[in-house]
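For the numbering used here, add 251 to where a residue sits in the sequence shown, where the first one is 1. Step one of this worksheet: look at the structure below.
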Amino acid sequence: MKKYSELKAGVLGVGFIGVAHIEALRRIGVAVVGVVGSTPERARAKAEAADLPTVYESVEALAADEAIDVIHIASPNNVHYEQVLACLNAGKHVVCEKPLAVTSEQSAELVAAARSAGVVNAVCFNLRFYPNVLQAGAMARNGKLGKVNYITGGYLQDWLLLDTDWNWRLVPEEAGELRAVADIGSHWLDLARFMTGQDVVEVMADLHTFVPVRRHPAGPVETFATTSEDDDLVEEPMSSDDAASIMLRFSDGARGLVAVSQVSAGRKNSITFEIDGSESSVSWFSENPDMLTIGHRGRPNELMHRDPSLADPSVAPHIGYPGGHVEGYPDTFRAMFAAVYADVASGAPSAEPEYPTFKDGHDALLVTEAVARSAREQRWIAIDRQGGPT
Ligand code: SOE
Numbered sequence: 252m253k254k255y256s257e258l259k260a261g262v263l264g265v266g267f268i269g270v271a272h273i274e275a276l277r278r279i280g281v282a283v284v285g286v287v288g289s290t291p292e293r294a295r296a297k298a299e300a301a302d303l304p305t306v307y308e309s310v311e312a313l314a315a316d317e318a319i320d321v322i323h324i325a326s327p328n329n330v331h332y333e334q335v336l337a338c339l340n341a342g343k344h345v346v347c348e349k350p351l352a353v354t355s356e357q358s359a360e361l362v363a364a365a366r367s368a369g370v371v372n373a374v375c376f377n378l379r380f381y382p383n384v385l386q387a388g389a390m391a392r393n394g395k396l397g398k399v400n401y402i403t404g405g406y407l408q409d410w411l412l413l414d415t416d417w418n419w420r421l422v423p424e425e426a427g428e429l430r431a432v433a434d435i436g437s438h439w440l441d442l443a444r445f446m447t448g449q450d451v452v453e454v455m456a457d458l459h460t461f462v463p464v465r466r467h468p469a470g471p472v473e474t475f476a477t478t479s480e481d482d483d484l485v486e487e488p489m490s491s492d493d494a495a496s497i498m499l500r501f502s503d504g505a506r507g508l509v510a511v512s513q514v515s516a517g518r519k520n521s522i523t524f525e526i527d528g529s530e531s532s533v534s535w536f537s538e539n540p541d542m543l544t545i546g547h548r549g550r551p552n553e554l555m556h557r558d559p560s561l562a563d564p565s566v567a568p569h570i571g572y573p574g575g576h577v578e579g580y581p582d583t584f585r586a587m588f589a590a591v592y593a594d595v596a597s598g599a600p601s602a603e604p605e606y607p608t609f610k611d612g613h614d615a616l617l618v619t620e621a622v623a624r625s626a627r628e629q630r631w632i633a634i635d636r637q638g639g640p641t
């Protein structure tokens, strides 16, 4: 059993999310010894500005460093598959940002490859680790709400509202065909499945492109950054989903409804859910993450503070601070990586990992592919889980 302080990590991708990984790893005491960027020049510039560790020239060079135990992949979606394989083949434990790959064929192969390599494998559905998401899930799965009937909510942002907003996520060759649904809808769909313990079995989806033409600079624009009107802007016709409305059917009979949008003015990173049971409900809003509303029919509703002394016993160990010391988005990475590195420190995945694995990443791709097909064919589409990795 190693101590976290004896473990070494490398990070692929030094954009918004890559730096969030580095910060969280430093908080749990894991040394980040190397990074790789889209180009060595960009990585060196970012490393200089953000006090990042050594820049490696390539993924292969980072994977070849025998001192590194774990590699985090926070690069654009289109290179996840090849980078995960390179790291698995080098015997590394792997934490990959969602989506795990751009197709479920690729993700099925990565599930099998991680299993045969016997290494810890995680997909960064970090939003599960908001303490009140963990609490809501414990209540739903433990019968505290009665039978779970209806799950609703949304994931709304506005950073792609303007026609001058730009990012690699808008480029199908880098991000894949689905955009808002793959980027943030996948988080909400994973939360619904995780909290209820029910798989999504059928979907009916309507996707829409509200910004048909965008104007962007020639070079890359970092996530959540804005483009100046003074740049030399290039016009680009768009076809990926700015927003989506998705109806859901779950494996134990529950129904659901989710709104996904990256063009909702004023919604910066707004996740909401309500889980309605036959006896009670829970509802939550990510921009006020410490509070969980518990709804009742025959008695007053309750407003519960995130508080390790009040939380379900399965939740308390993942809470970092006492009640009232608000925990937010960055803390979800810390809590998730603490769970992942407990397995890394033991040398292998536990029988029931407390974090989302490649299997969860594969399931997310099966669901989002069904969403894309439903929107194309304008009908309910069932998710086929036969024949895939078990
Ligand atoms: C951009 O939409 C983004 O950075 C997503 O890619 C992340 O997964 C989400 O957690 C925050 O917003």
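Just so you know, even glycine gets a beta-carbon here, dropped at the ideal spot from N, CA and C. Just so it is clear, the structure is predicted and the values come from calculations on it, not from any experiment.
To the nearest angstrom, how far is the alpha carbon of residue i from that of residue j?
i: Ala615; j: Glu308; result: 32 Å
i: Glu524; j: Ala275; result: Here residue 524 is Phe; the residue named in the question, Glu, does not match the sequence. C-alpha separation (whole angstroms): 25 Å.
i: Val306; j: Ala325; result: 15 Å
i: Gln637; j: Val451; result: 14 Å
i: Thr460; j: Met489; result: 7 Å
i: Gly517; j: Tyr406; result: 13 Å
i: Asn377; j: Asn400; result: 25 Å
i: Lys259; j: His272; result: 13 Å
i: Arg506; j: Ala282; result: 44 Å
i: Ala621; j: Met252; result: 42 Å
i: Gly574; j: Tyr381; result: 13 Å
i: Ala593; j: Lys254; result: 9 Å
i: Ile279; j: Gly546; result: 36 Å
i: Val270; j: Gly549; result: 47 Å
i: Leu484; j: Lys519; result: 25 Å
i: Ile634; j: Ala456; result: 13 Å
i: Ala433; j: Asn328; result: 10 Å
i: Ser256; j: Asp482; result: 45 Å
i: Lys610; j: Ala363; result: 9 Å
i: Ala567; j: His556; result: 13 Å
i: Glu480; j: Arg465; result: 12 Å
i: Asp302; j: Asn552; result: 47 Å
i: Asn372; j: Glu299; result: 30 Å
i: Leu499; j: Pro291; result: 43 Å
i: Ala623; j: Leu429; result: 7 Å
i: Thr415; j: His438; result: 25 Å
i: Ser532; j: His569; result: 23 Å
Any heavy atom of ligand 1 closer than 8 Å to the CB of residue i?
i: His438; result: yes
i: Thr477; result: no
i: Tyr580; result: yes
i: Asp493; result: no
i: Ile324; result: no
i: Thr474; result: yes
i: Asp434; result: yes
i: Arg420; result: yes
i: Phe380; result: no
i: Asn377; result: yes
i: Trp410; result: yes
i: Ile279; result: no
i: Phe588; result: no
i: Asn329; result: no
In its own chain, which residues sit with a C-beta less than 7 Å from the C-beta of residue i, not counting the 5 before and 5 after it?
i: Ala294; result: Val265, Val286, Val287, Gly288, Val306
i: Gly369; result: Ala599
i: Glu348; result: Ile268, Ile324, Ala325, Cys375
i: Ala314; result: Ile322, Ala337, Cys338, Ala341, Lys343
i: Val335; result: Ile324, Val345, Cys347, Leu361
i: Ala626; result: Ala456, Asp457, Leu458
i: Thr583; result: Asn377, Leu378, Phe380, Tyr381
i: Leu554; result: Met542, Thr544
For the alpha helix (DSSP H) containing residue i, name the first residue and the last one.
i: Trp439; result: 437-447
i: Asp582; result: 580-597
i: Asp614; result: 609-628
How would you write the range of the beta strand (DSSP E) that residue i sits in, first residue to last?
i: Ser521; result: 521-528
i: Glu487; result: 485-488
i: Met498; result: 494-501
i: Lys253; result: Counting along the chain, Lys253 falls outside any beta strand (DSSP E), and DSSP gives it neither H nor E.
i: Lys297; result: Element bounds for Lys297: not the beta strand (DSSP E) but the alpha helix (DSSP H), 291-301.
i: Arg506; result: 506-512
i: Tyr401; result: 399-407
i: Arg466; result: 464-467
i: Ala373; result: 372-374
i: Phe267; result: Careful: Phe267 lies outside any beta strand (DSSP E), inside the alpha helix (DSSP H) at 267-278.
Identify, in the order they occur along the chain, each residue of the same chain with its Cβ nearer than 6 Å to the Cβ of residue i, setting aside the five sequence neighbours on each side.
i: Gly261; result: Gly285, Leu313, Ile319, Ile322
i: Tyr332; result: Ala352, Gln357
i: Thr641; result: Caution is warranted here: a pLDDT of 44 is assigned to Thr641, below 50, making its placement in the model unreliable, and no coordinate value can be reported.
i: Ile522; result: Tyr406, Ser537
i: Ser355; result: Leu616, Leu617, Glu620
Might you give, ordered along the chain, the residues of its own chain that have their beta carbon closer than 8 Å to the beta carbon of residue i, omitting 5 neighbours on each side?
i: Glu425; result: Pro327, Asn328, Asn329, Trp419
**Prompt:** Are there three or more Cβ pairs, one per stretch, closer than 8 Å when the segment 469-486 is compared with the segment 410-428?
**Reply:** yes
- Query: Can we say the segment 508-526 touches the segment 482-497, given the rule of at least three CB pairs closer than 8 Å?
  - Reply: yes
| message | With three or more beta-carbon pairs closer than 8 Å as the criterion, would you say the segment 532-546 touches the segment 568-578? | response | yes
Worksheet item: So, do the segment 385-394 and the segment 562-571 have three or more beta carbon pairs nearer to each other than 8 Å?
Response: yes
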